[in-house]
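Asks: All you need for our numbering is the position in the sequence shown, starting with 1, plus 61. Note that CB positions come from ideal geometry on N, CA and C, so glycine has one too. Just so you know, these numbers come straight off a predicted model, no measurement behind them. Let me begin by handing over the structure; questions about it come next.
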Amino acid sequence: MHRYLLLLLVIAGFQLNAQPSLKGGLGNFVQSNKVYPRYSLANCIQGTVNIAFKLDHTGRVYYSEVRKGVGTDLDDEALRLIRMSSGKWIVPADHDTTLSIIAPINFALSDCAGKSAREVKEAIEAYKATTDLTNAVLNYYRNIE
């Protein structure tokens with residue numbers, strides 16, 4: 062008898078709750094709103110960016126960050142897409158608004174046979190170096206004031 066009661070409690074604890082969903086589906090939203098970033102397009106940079114975000118009870122995105130990115134302007138575009146979806150989510154009444162949702166945003170190109178993996182890696186490193194230099198200069202001028 063005790064085993065059946067324990068089993069019932071375990072099953073009740075693993076009951077699936079309804080998950081937030083985007084009106085029309087996240088895949089359709091991303092496909093119709095994605096703009097492939099210029100630098101990544103020119104350098105055949107592709108990959109998947111994982112965005113972590115949180116929704117309030119009205120379906121608005123109130124927090125978002127790149128959880129795992131490529132390290133280029135693809136990360137910024139993935140963030141833009143998730144932030145743009147704010148207010149378009151259907152959120153169940155029992156949704157815990159403190160939980161992060163992870164959304165993978167895929168960027169793929171079909172005509173990149175001419176670029177080697179080494180060239181793509183060098184382009185990513187160049188992008189990161191330029192971004193780091195820009196941030197250093199901006200921080201310098203912010204600290205002067």
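Does DSSP classify Ile106 as helix, strand or coil?
Replies: Note: Ile106 maps to coil in three-state DSSP.
Asks: Let me check one thing: in DSSP terms, what residues is Ile163 bridge-paired to?
Replies: Partner(s): Ala113.
Asks: So for Glu206, helix, strand or coil by DSSP?
Replies: In this structure, Glu206 counts as coil in the three-state DSSP scheme.
Asks: Can you name, in chain order, every residue of its own chain whose Cβ lies under 7 Å from the Cβ of Val181, other than the five neighbours on each side?
Replies: Around Val181: Asn104, Cys105, Ile106.
Asks: Taking the alpha-carbon positions, what's the Asn200 to Asp137 distance?
Replies: Looking at the two C-alpha atoms, the distance is approximately 20 Å.
Asks: Under 8 Å, do Gly175 and Leu135 count as touching if we go by C-beta distance?
Replies: Contact: no.
Asks: Do Gly132 and Leu185 come within 8 Å of each other at the CB atom, strictly closer than that value?
Replies: For clarity, residue 185 is Ile in the given sequence; the question names Leu instead. Going by C-beta atoms, Ile185 is nearer than 8 Å to Gly132.
Asks: Within the continuous beta strand (DSSP E) that includes Val122, where are the two ends?
Replies: Note, Val122: beta strand (DSSP E), 122-129.
Asks: Does the distance from the CB of Ile163 to the CB of Arg203 come in under 8 Å?
Replies: It is not a contact, given that the beta carbons lie outside the stated cut-off.
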